[in-house]
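As you go down the protein sequences, you meet chains A and B in turn. The working numbering applies: residue 1 is where the first sequence begins, and numbers increase by one. The working numbering applies: residue 1001 is where the second sequence begins, and numbers increase by one. Backbone N, C-alpha and C define an ideal beta-carbon position, used for all residues, glycine too.
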Amino acid sequence: MQKISKFNPLFAAFLVLALTACGDNETNIYAQDVAEPGHEDHDHEEDEHDHDHEEDEHDHEEDEHDHEDELSAARLLLIEAGTDTVHVFEASDGDEVAELTLPAAVSYVYPMQGYRYAAFIHRDDNWVSFVDGGVWVEDHGDHDHPYAEAPQLMDFALDGVKPTHFTLGDAGAAVFYDGNGDTADVAGVVTFSDATIAENGLENALQFTTHMHGAAQLRGEHVLATERDAATSSTLPAAVGLYHLHGGLYEHELTFAEPCPGLHGSAQSEDAIFFGCEDGVLLIDEPSDFSATKITNADDFTDGMRVGTLRAHHHVAQAVAIASGKFYLADPSQAQLQPLGVSMPEGVSAVSYEFVLGGEAFAILQSDGALVLLDAHDWSEQARIQVLTSPAADALTLIVQPEGHMAYVLNSADQQVIPVDLEDAVSADAWSLDFAPAGGVWLGVATEEHDH
Amino acid sequence: MPWLCGGRRSLLGRLGSDFNDGVPLHSEIPIRLMSGLLCYNIMRSRIVFVHLSKFICGLGVVLKRSLLFASCVLLPCWASAATIQGVVLNADGAPVSDAAVEVVGTRTSSTTNTQGEFVLEDLSSQDVELHVKAPRFMHKNVHVHGGDDPLQIILDETVMEIVDVTGMPWHISQLESASPVSVLSGDALRDAQSATLGDTLNKQVGVHSSYYGPVAGSPIIRGLSGPRVLVAQNGLDVGDVSRSGPDHAVTGEATTARQVEIMRGPATLFYGNGAIGGVVNVVDDRVPQDAETFGQWQLEYNGANNEPVIEGSANVALSDQFAVHVDGFWREAEDIDVPGYAELEPDGDAAYGVLENSAYDSQGATLGGSYISDMGFTGISVGRIERTYGIPGHSHDGVAVQAELEQDRVQLVSEYSFDHSVFSEARFRYGYTDYQHQELEGDAIGTTFEKELHEARLDVFHQPFSEWRGAVSLHFKQEDSQAQGEEAFTPPSVTDSYALAVMEEKHFGDWLVQLGGRIEWIEVDAQDVRLDSEGERGLYRIEQEFMPYSVSLGTVWDFTEGYNLGINLTHAQRAPSATEAFSFGPHIGAGSYEVGSMFDIVANDHGDWVVNFAEEPVELETSNNIDISLRKFIGNIGFVVGAFYNQVDDFYYARATGLEADSGHDHDHEEEHDHDHEEEHDEHEDEELLPAYQFTAADAELYGFEGELHWQVNDPLLLRITTDYTRATLRSGGNLPRIPPMRAGFVAEYEVGSWYLNASATHYFEADNTAELETTTDAYTWVDAEVRYTLPVLGGVNVYLRGDNLLNETARVHSSFIKDIAPRAARSVSAGIRASF
């Protein structure tokens, strides 16, 4: 009997198991679009599609929710200072979605025009790498098809000596290699598009005979690039040439007669291309057969003061020229630069400035943590947002959403990102990072949802 | 007191002088202390170390008596042992020699001498069940309940060949169990063996081959294959990827096997989830189970594809405690000859008389070794199989595709019996396989399949309780599989399963009752499930949990002398395989674009379609199966006829959708695709399009019959008739695809002196119960003949000459995915020589 009593409970337990718990099944589906988050505090619950089939339920609300997420998906790619690491965050909530290691430390980062790819310039390492932010839309005729996948380093890369200035045109981007006089490496320009990056294709190229710290602007099949006389001692060019694409190489068409001594800085709008010169801004008007004129310096230019940086926007006829930290308007209809009347307190300087809100405004981030918005129609001050108070020196950088209403202030000293809604002129709670952000770029779907 | 350290007959033989009527001298005790086998006495809750081997026994005599004495007081582990003796006779009263008399549930056995006598000594109990078997006799089970009288056991002669299925808690053989099984062994196995397991078994009742040319062929049992038929090697999953694609070869190698066991119908009770349609278990002696020396070798040449085959296996006893195993095989074949064009509709550049890209070569070797004691054995084996084969009909831009597979397999087997009051025996098996299979286009690797499998199984047999015998089985399996490349139609997945099963049987007079149940926990974790549709596009991770169970109840009724009736009812469940659930991509081997049941296809009128996650839950496939077998086994005529009816709810099958998808073959720039979809399509308009199939769960019915009749016409002449038929329909209407047609075979065997002649003809009827978008397949008759002569050297060396497909029929296999481009071989002659020792 003892034997049986030992056996029965096991058998009974088995039968109970077999008859009660059997036949169950359950399925859970988790979105894996993005890499697992790097830190604990990121809650990815909402990425889950919990198709819990146990109760025959299939929660389609979550699907729709996800779909909406994807429609507005955007990401911030932030460079960890002093490293080759790029952290990718959801622009909506600051969830880190991936961490990428680039081939080298990053000097600058720029978005490509489709805002799917970012170009990381490793100037000292003579390399440009590209990252797919993983968020984009495809035109399916009757609708835009949103995609959201894991960010990745692309196979496409550029190598050339001292890649420095990166400019965007309608048809693509141009990277200017400065070359190196010490090593007799000549300067050059390459141009390429999103498709070139996607397909790991061949870039179009222009090669000079000497080195220079120059710039190039891509205009369809033309490139406007700076030219330097090899006999001069300055590395800055003094003229601009027009080049036309033939079989992947740019051929020289002409050198503009209007010189541009000490050329530094360039930008382009829908019709015009601007170059910063010691004596003003060289304006080249494409519709009138690339006619070149000079917008001379403003009267208040002091000795040695010159335009070194330009900002322009496709939707705005004028360009903003920055000379020694002061803002001027380069208006093609005016022969002289116009002061913009931006005043900053003593000791405060402008650290970042970009056109924002789809060209509706021009944002200037000041070193005191204030973000000033100028109305791009009348150049009046539209808003002033105190994003930070008393930030550390040289700690701030501005990232803007090109067509939307968001901007992000990076504060490397406190390892934080402060999202700013430019339309409502309010800043949101800062996201804490576990690294110091040295710079970054916004990538995503550039929906023109902003009401003009 | 029945302790775990009872003596055994061989121990007695060795240390006979130390024993006095089965009671050991004191020297016996400390030997057990030293030995190191841990056993647990539940009744006393004490752990003792017991004797592992005779070898250690011998050392014991040198130990000091005082210590020995003290040990014996502490461990009163000897009991008075029982002895059973008797004689085995045939129906005429003549002795049957070489009959094996086994004590069921133990490792104790004896063989009858020329007078038919046997002695079983040192039994832990006089209340035992004996299983008596001898060649050409019906097996017999005898219950012994004490008494000193010698037993007289009468065996009935039979024309049926009976080989027990190994490693089962029940007695399972073709004639003795409730569920239908068959075992192919001996010369029949050597004659049948071919390069694929499917072809090796294809003459067995109820079994057809999936015939992917001569290069890959899986057994199809009652119309089912793939994830429903488990292929095992020594009871453990073979661990290849043959379940997920018809062009993937099976790595269970029959060439060096001792026997191949086929369980028809649901066998999930024994083998778990993948065995709902049946099991093929290839049994070899890679882990020696006893200290015997034996072996076999064979050289063969097959004319159909100029294939030399060399194989051999040997088990060698190094001592009474150690035995080793070695085997190896090598075969290399050219493209196979076929009658006429291989293609049903040959095009302009079709080759005549040969099936292109059907050459293969394969080789393998295994080493094993065991430590053997009276109580059991523990052994390990390491084996490797390599195989390179063409995939007929599978070319990419004119480049023939080849597959190259490698598999390493480790098996550890340990079986011990003990005189415990509750447990009688424990059997442990562990297997590890590391599989890789690459599809090569020239030198380029197209797709790589990798699979790693860990499997462990512990069967604990209990002592008979009220004559119930049986075992509890614990089973663990972990499969890690992934595929990379253009045909990676399933995402990488890890499947863990845990199972608990109980199997019991008991004789009630003329009734043998066999019942069992199994419950299984399965977890599937699939990564990188790619979806390409509106809104849900992206990569997903899918976790699934299933808890399928199986129960089985069967009986064998000896309703009259020489006959029995077996009835078996099974309720079995199966979780869909990763292929069935998660597939999404081109499966070139099957010539289809497959979409798993996790997904829904949404199509518009133009044939454009996208895939979303399905709204329907993933269901367990559930089978309710009944098998009835009538057997006659005494006399000159014996037969086994059976019928089955299998009602399967949520039967997963690949439903033709009528849609098409890119094969992906011409896509050299996968990563570029994200952008210029429109342009790419224009560029690749001539790209191969594949029909899209979706795995769909629908209720199905399978039924049919199987029959086998043996007639010993006179002493030299034996006639055999076989037939089988399976009908498989969807309950909503329509047929399941690739169900083998009805088949009827006739075999004549003539054996006189050293000569053996065999002629067989099998007619495959027209396959006309076709599924949607499936074509019929013509009938054909396959005729073989063999002549064999035994040379009186080395104890009997067989030389043989065999002719296959003597009518030179164009034989297309309806159950093959490539039936229209790959017929069976043309008329050919094979010759060989083999011997066993």
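Selection from Leu-1269(B), Leu-1120(B), Ala-1342(B) that minimises the alpha carbon distance to Gly-1213(B):
Position 213 of the second sequence, counted from the start, is the residue given in the question as residue 1213(B). Among Leu-1269(B), Leu-1120(B), Ala-1342(B), the Cα nearest to that of Gly-1213(B) belongs to Ala-1342(B).
Fill in: Gly-1295(B) to His-1131(B) span [Cα, whole Å]
For the purposes of this step, residue 1295(B) is taken as the residue at position 295 of the second sequence. For the purposes of this step, residue 1131(B) is taken as the residue at position 131 of the second sequence. Roughly 26 Å separates the two Cα atoms.
Fill in: Thr-183(A): contacting residues in chain E (beta-carbon distance under 7 Å)
The chain inventory of the structure shown lacks chain E, comprising the protein chains A and B.
* **Through-space distance from Val-445(A) to Tyr-115(A), alpha-carbon basis** => Start at 1 with the first residue of the first sequence, and residue 115(A) comes out as number 115. Start at 1 with the first residue of the first sequence, and residue 445(A) comes out as number 445. Roughly 7 Å separates the two Cα atoms.
Q) Within the 7 Å Cβ cut-off, does Phe-1546(B) reach chain A? A) Position 546 of the second sequence, counted from the first residue, corresponds to residue 1546(B). With 7 Å as the cut-off, Phe-1546(B) counts as an interface residue toward chain A.
_By the three-class DSSP mapping on this structure, what secondary structure does Glu-1580(B) have?_
Here residue 1580(B) refers to the residue found at position 580 when the second sequence is read from its first residue. DSSP places Glu-1580(B) in helix when its eight states are reduced to three.
Item checked: Residues that Leu-1474(B) contacts on chain A, provided the C-beta gap is smaller than 9 Å -> Within the second sequence, the letter at position 474 stands for residue 1474(B). Per Cβ cutoff of 9 Å: no residues; Leu-1474(B) is ~11 Å from chain A at best.
query = Is DSSP giving Ser-1035(B) helix, strand or coil here?
reply = Within the second sequence, numbered from 1, the residue matching residue 1035(B) stands at position 35. Only weak support exists for where Ser-1035(B) lies, its pLDDT of 34 falling under 50; the value from the coordinates is given anyway. Helix.
*If Pro-1754(B) and Gly-1303(B) are in contact, beta carbons under 8 Å, what's the gap, nearest whole angstrom?*
Numbered from 1 along the second sequence, position 754 holds the residue referred to as residue 1754(B). Numbered from 1 along the second sequence, position 303 holds the residue referred to as residue 1303(B). In the sequence as displayed, the identity of residue 1754(B) is Ser instead of Pro. Wrong, their Cβ atoms sit about 24 Å apart, outside the cutoff.
Original post:
Under a Cβ-count criterion, where at least 16 other Cβ atoms within 10 Å of its own Cβ denotes burial, should Ile-1821(B) be classed as buried or exposed?
Top reply: Here residue 1821(B) refers to the residue found at position 821 when the second sequence is read from its first residue. When all chains shown are included, Ile-1821(B) counts as buried.
Inter-residue spacing [alpha-carbon to alpha-carbon] between Ala-1314(B) and Val-1793(B) = Within the second sequence, numbered from 1, the residue matching residue 1314(B) stands at position 314. Within the second sequence, numbered from 1, the residue matching residue 1793(B) stands at position 793. Going from the Cα of Ala-1314(B) to the Cα of Val-1793(B) covers about 19 Å.
Leaving out five residues on either side along the sequence, give the residues of the same chain with a beta carbon under 6 Å from the beta carbon of Ile-1172(B).
-> As a first step, residue 1172(B) is located in the second sequence; it is residue number 172 there, counting from the start. Result list for Ile-1172(B): Val-1165, Val-1181, in chain order.
Touch check for the segment 1804-1811 of chain B and the segment 1779-1788 of chain B: three-plus C-beta pairs under 8 Å?
yes
Go through the segment 1128-1163 of chain B residue by residue and report every complete run of the beta strand (DSSP E) that reaches 3 residues or more, in order. 1140-1145, 1151-1155
Check: So, using beta-carbon positions, are Glu-1455(B) and Gly-1364(B) closer together than 7 Å?
Finding: Sequence index remark: in the second sequence, residue 1455(B) carries index 455 (1-based). Sequence index remark: in the second sequence, residue 1364(B) carries index 364 (1-based). No, the Cβ-Cβ distance between Glu-1455(B) and Gly-1364(B) is not below 7 Å.
For Gly-1495(B), the residue or residues it bridges with in DSSP: Mapped onto the second sequence, residue 1495(B) falls at position 495. As written in the sequence, residue 1495(B) is Thr, which differs from the Gly given in the question. In the DSSP output, where bridge partners are listed per residue, Thr-1495(B) has Glu-1479(B), Val-1524(B).
- Bridge partner(s) assigned by DSSP for Met-1263(B): Numbered from 1 along the second sequence, position 263 holds the residue referred to as residue 1263(B). Beta-bridge pairing links Met-1263(B) to Val-1181(B), Val-1279(B).
Note to self: Tell me the DSSP secondary structure of Thr-1251(B) in three-state form.
What the structure shows: Looking up residue 1251(B) in the second sequence gives position 251. In the structure shown, Thr-1251(B) sits in coil (DSSP, three-state: anything other than H, G, I, E or B).
DSSP state of Ala-1501(B) mapped onto helix, strand, coil: Looking up residue 1501(B) in the second sequence gives position 501. DSSP places Ala-1501(B) in strand when its eight states are reduced to three.
Per-residue contacts from Asp-24(A) into chain B (C-beta, under 8 Å): Looking up residue 24(A) in the first sequence gives position 24. By Cβ distance, chain B contributes Glu-1545, Phe-1546, Met-1547.
Limits of the unbroken alpha helix (DSSP H) element including Tyr-408(A)
In the first sequence, the residue the question calls residue 408(A) occupies position 408. Here Tyr-408(A) belongs to no alpha helix (DSSP H); instead the beta strand (DSSP E) covers 406-411.
Worksheet item: Using a beta-carbon distance cut-off of less than 9 Å, what residues from the segment 1809-1833 of chain B approach chain A?
Response: none
Between which residues of its own chain and Arg-1228(B) is the CB-CB distance below 6 Å, once the five residues before and five after are set aside? Taking the second sequence and counting its residues from 1, one reaches residue 1228(B) at position 228. Excluding sequence neighbours, Arg-1228(B) sits near Ile-1276, Gly-1277.
Notebook entry, point to check: Helix, strand or coil: which one does DSSP assign to Asn-1273(B)?
Noted result: What you label residue 1273(B) is simply residue 273 of the second sequence in a count that begins at 1. Correct three-state label for Asn-1273(B): helix.
Report task. Kindly say whether Val-1128(B), judged by its beta-carbon, lies nearer than 7 Å to any beta-carbon of chain A. Result -> As a working note, residue 1128(B) is residue 128 in the second sequence. By this cut-off, Val-1128(B) is not an interface position.
Supposed close pair Ala-1099(B), Thr-1112(B) - CB separation, criterion 8 Å: Working through the second sequence from its first residue, we reach residue 1099(B) at position 99. Working through the second sequence from its first residue, we reach residue 1112(B) at position 112. Taking the Cβ atoms as the reference, Ala-1099(B) lies roughly 4 Å from Thr-1112(B), within the contact range of under 8 Å.
(request) Return the Cβ separation of Leu-1175(B) and Val-1088(B) in integer angstroms, given the expectation that the two are a contact with Cβ distance under 8 Å. (result) The residue you call residue 1175(B) lines up with position 175 of the second sequence. The residue you call residue 1088(B) lines up with position 88 of the second sequence. Not really, about 18 Å apart at Cβ, beyond 8 Å.
*asked:* Let me make sure I understand the geometry here. Which of Thr-191(A), Ser-234(A), Ala-198(A) has the alpha-carbon closest to that of Asp-225(A)?
replied: To locate residue 225(A), count along the first sequence from 1; it is residue 225. The displayed chain sequence assigns Ala, not Asp, to residue 225(A). Ala-225(A) has its Cα closest to that of Thr-191(A), out of Thr-191(A), Ser-234(A), Ala-198(A).
- Message: Quick check on the DSSP output: the beta strand (DSSP E) that includes Leu-1230(B) runs from which residue to which?
- Response: Counted from its first residue, the second sequence places residue 1230(B) at position 230. Bounds of the beta strand (DSSP E) holding Leu-1230(B) are 1229-1233.
Complete beta strand (DSSP E) runs within the segment 1411-1484 of chain B (minimum length 3 residues, chain order):
1423-1441, 1444-1465
- Query: Using a Cβ-Cβ cut-off of 6 Å (strictly less than) and excluding sequence neighbours within five positions of Glu-1332(B), which residues of its own chain qualify?
  - Reply: Within the second sequence, the letter at position 332 stands for residue 1332(B). So the list reads Asp-1361, once near-sequence residues are dropped.
Can you tell me which of the three DSSP states Thr-1256(B) falls into? For this step, residue 1256(B) is matched to residue 256 along the second sequence. Of the three classes helix, strand and coil, the one that applies to Thr-1256(B) here is coil, per DSSP.
Problem - Per DSSP, cross-strand counterpart(s) of Ala-98(A) - result: Numbered from its first residue, the first sequence carries residue 98(A) at position 98. Val-88(A), per the DSSP bridge assignment.
Fill in: Positions along the segment 1602-1630 of chain B whose CB lies within less than 9 Å of some CB in chain A
Asn-1612, Phe-1613, Ala-1614, Glu-1615, Glu-1616, Pro-1617, Val-1618, Glu-1619, Leu-1620, Thr-1622
- Message: Taking the straight line between their C-alpha atoms, what separation do you get for Val-1215(B) and Ser-1815(B)?
- Response: Taking the first residue of the second sequence as position 1, residue 1215(B) is located at position 215. Taking the first residue of the second sequence as position 1, residue 1815(B) is located at position 815. Each residue's alpha carbon lies about 15 Å from the other.
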